[in-house]
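Residue numbers (my numbering), protein chains in the order written: chain G, 29 to 248; chain A, 29 to 248.
One structure is given here, and the rest of the page talks about it.
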DNA sequence: TACAAAAGTTAGCCTACTCTAACAAATAAT
DNA sequence: ATTATTTGTTAGAGTAGGCTAACTTTTGTA
């Protein structure tokens with residue numbers, strides 16, 4: 029099925045909100061906010077995607093991707109993350125620069141190109157943010173889901189990936205000196221506002237609880 | 029100036045017809061044919077591009093790109109040819125496969141990406157079809173303009189570039205055994221239909237006059 | 001010169017999105 | 001349980017692009 033760039037963007041965002049980050053209910057408004065369009069526009073597009081059997085919902089009911097919609101979204105994710113890896117490894121992009129351009133590149137239509145790119149990159153497992161890259165069949169099990177916010181006082185952990193690809197967030201992570209695979213010691217968790225005092229590479233920093241929920245780690 | 033994909037395609041085609049291949053007059057109809065749209069659509073778009081001062085013409089008069097329009101078209105050409113080179117050299121694309129995907133990639137907007145790509149490719153002079161790649165400043169002097177059809181009987185020449193990027197043409201060139209830098213001897217030119225008997229790499233082939241006009245050579 | 005053909009333009013309509021404003025349904029709060 | 005708020009939907013209109021059919025201007029030919 030041939031989709032427009034916009035249709036693809038809706039599926040991708042829907043995937044992100046209903047599957048990757050499925051904490052709370054995803055509705056027209058939230059989707060609209062994430063896509064920076066009006067709820068009315070979302071409503072119109074959802075009708076189109078429903079006819080194409082890529083999303084499923086009833087009036088005023090909850091939104092869901094169909095299997096086919098999910099597959100398409102995962103292939104977009106695969107393309108996005110492969111391009112990010114390319115930009116990072118071969119085009120000298122910083123990790124906070126890759127996202128924007130990958131947003132454009134992910135819409136390029138060429139099976140051959142994406143398979144060759146994957147080969148060229150050496151079949152990478154993770155993108156520059158540590159996120160798992162789905163394989164051709166769309167398989168990607170992201171088991172590690174512990175965030176820095178969940179690490180107990182005194183424990184050590186390693187930074188595996190970050191949840192947020194925004195420039196501001198990524199620049200901040202870099203600025204305090206963290207990157208993928210950094211080893212972090214949680215020295216103290218403040219009672220009154222849940223902020224953390226963490227130590228790594230002979231440094232010490234204080235970060236907010238919100239920040240800590242955007243950093244995925246594995247315990248050491 | 030931020031242009032849409034379509035506006036860019038119009039400028040590129042206009043450049044191709046009025047500057048690269050400026051044999052006969054370029055009008056609404058010809059442009060429409062090359063873009064596979066109706067003359068009415070072309071007319072509407074030309075109005076828009078005139079307001080933006082990218083093309084210049086008066087009603088029923090001849091079409092011309094402004095300096096700015098020309099610059100934009102050349103940058104698109106640069107991007108197109110750099111991407112073709114990338115696909116050919118690093119993604120294992122054949123020379124008849126690169127054009128289509130480069131048509132998509134040339135619309136990616138990122139100064140940094142294109143400069144890094146140029147560096148990554150080692151600042152190539154020519155694309156996989158032998159066409160000159162404009163530099164950042166848009167300079168590209170394509171002096172060599174002799175075609176195989178102009179070579180005299182008995183003379184030797186070298187294939188420098190091809191004029192046509194279509195699949196059928198390029199596959200035919202490959203099929204008869206020619207590629208960039210092939211040395212060609214023009215054994216005979218048929219009087220009645222101008223077809224050429226050429227020899228190269230221990231082979232002999234007969235090609236039409238039309239074919240010969242699509243192959244650029246330098247004399248040896 | 002006169003008129004036919006070709007080339008260019010206009011009018012009016014279609015698709016794929018976008019929006020705001022008004023309204024309906026569902027949820028939360030008194 | 002009734003109301004208020006939030007959430008979702010519809011109506012109507014705008015922009016960028018496409019089309020066909022009809023019309024005008026230019027060009028080419030008898």
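In this text, a Cβ means the ideal position worked out from N, Cα and C, and glycines have one as well.
From a predicted model like this one, the values you see are computed outputs, not experimental measurements.
Extent of the continuous beta strand (DSSP E) run through residue i
i: residue 61 of chain A; result: From DSSP, residue 61 of chain A is part of no beta strand (DSSP E) but of the alpha helix (DSSP H) over 56-63.
i: residue 186 of chain A; result: 184-190
i: residue 94 of chain A; result: First-last for residue 94 of chain A: undefined, no H or E at that position.
i: residue 215 of chain G; result: 211-217
i: residue 227 of chain G; result: 224-228
i: residue 231 of chain G; result: 231-235
Backbone CA spacing between residue i and residue j [nearest angstrom]
i: residue 103 of chain G; j: residue 175 of chain G; result: 26 Å
i: residue 109 of chain G; j: residue 155 of chain G; result: 5 Å
i: residue 60 of chain A; j: residue 151 of chain G; result: 43 Å
i: residue 173 of chain G; j: residue 245 of chain G; result: 8 Å
i: residue 227 of chain A; j: residue 248 of chain A; result: 14 Å
i: residue 200 of chain G; j: residue 73 of chain A; result: 44 Å
i: residue 94 of chain G; j: residue 71 of chain G; result: 17 Å
i: residue 38 of chain G; j: residue 142 of chain G; result: 21 Å
i: residue 99 of chain A; j: residue 209 of chain G; result: 45 Å
i: residue 29 of chain A; j: residue 149 of chain A; result: 27 Å
i: residue 170 of chain G; j: residue 160 of chain G; result: 7 Å
i: residue 220 of chain G; j: residue 237 of chain G; result: 11 Å
i: residue 65 of chain G; j: residue 188 of chain A; result: 51 Å
i: residue 190 of chain G; j: residue 167 of chain A; result: 43 Å
i: residue 50 of chain G; j: residue 225 of chain G; result: 29 Å
i: residue 146 of chain G; j: residue 165 of chain G; result: 13 Å
i: residue 178 of chain G; j: residue 77 of chain A; result: 57 Å
i: residue 101 of chain G; j: residue 162 of chain G; result: 11 Å
i: residue 218 of chain G; j: residue 180 of chain G; result: 12 Å
i: residue 63 of chain A; j: residue 194 of chain A; result: 14 Å
i: residue 240 of chain A; j: residue 124 of chain A; result: 18 Å
i: residue 32 of chain A; j: residue 122 of chain G; result: 27 Å
i: residue 144 of chain A; j: residue 96 of chain A; result: 24 Å
i: residue 158 of chain G; j: residue 243 of chain G; result: 10 Å
i: residue 36 of chain A; j: residue 222 of chain A; result: 38 Å
i: residue 196 of chain G; j: residue 58 of chain G; result: 21 Å
i: residue 119 of chain A; j: residue 68 of chain G; result: 42 Å
Host alpha helix (DSSP H) of residue i (start-end)
i: residue 198 of chain G; result: 195-203
i: residue 148 of chain G; result: 139-148
i: residue 126 of chain G; result: 126-133
i: residue 35 of chain G; result: 33-43
i: residue 165 of chain G; result: Residue 165 of chain G -> no alpha helix (DSSP H), and no H or E assigned at all.
i: residue 121 of chain A; result: Careful: residue 121 of chain A lies outside any alpha helix (DSSP H) and carries neither H nor E.
i: residue 243 of chain G; result: First-last for residue 243 of chain G: 243-247, but that is the beta strand (DSSP E), not the alpha helix (DSSP H).
i: residue 73 of chain A; result: 67-79
Minimum Cβ-Cβ distance from residue i to chain G less than 8 Å
i: residue 132 of chain A; result: yes
i: residue 120 of chain A; result: yes
i: residue 136 of chain A; result: yes
i: residue 144 of chain A; result: yes
Residue-level contact to chain A via CB, residue i, 8 Å cutoff
i: residue 149 of chain G; result: no
i: residue 129 of chain G; result: yes
i: residue 31 of chain G; result: no
i: residue 176 of chain G; result: no
i: residue 141 of chain G; result: yes
Near-chain A residues of the stretch 85-118 of chain G - C-beta to any C-beta below 9 Å: 115 and 118
The stretch 224-241 of chain G in contact with the stretch 197-211 of chain G per 3-pair CB rule at 8 Å: yes
Meets three-Cβ-pair contact criterion under 8 Å: the stretch 49-69 of chain A and the stretch 81-101 of chain A: yes
The stretch 122-142 of chain G contacting the stretch 128-139 of chain A, beta-carbon criterion three pairs below 8 Å: yes
Within 9 Å of chain G by C-beta, residues of the stretch 194-218 of chain A in sequence order: none
Given 8 Å, three or more beta-carbon pairs between the stretch 212-227 of chain G and the stretch 179-194 of chain G: yes
Chain A contacts from the stretch 68-82 of chain G (Cβ-Cβ distance under 9 Å): none
Near-chain G residues of the stretch 43-65 of chain A - C-beta to any C-beta below 8 Å: none
At least 3 beta-carbon pairs within less than 8 Å: the stretch 41-51 of chain A vs the stretch 109-123 of chain A: no
Stretch pair the stretch 77-84 of chain G + the stretch 32-43 of chain G: three plus CB contacts closer than 8 Å: yes
Members of the stretch 223-237 of chain G near chain A, C-beta cut-off 7 Å: none
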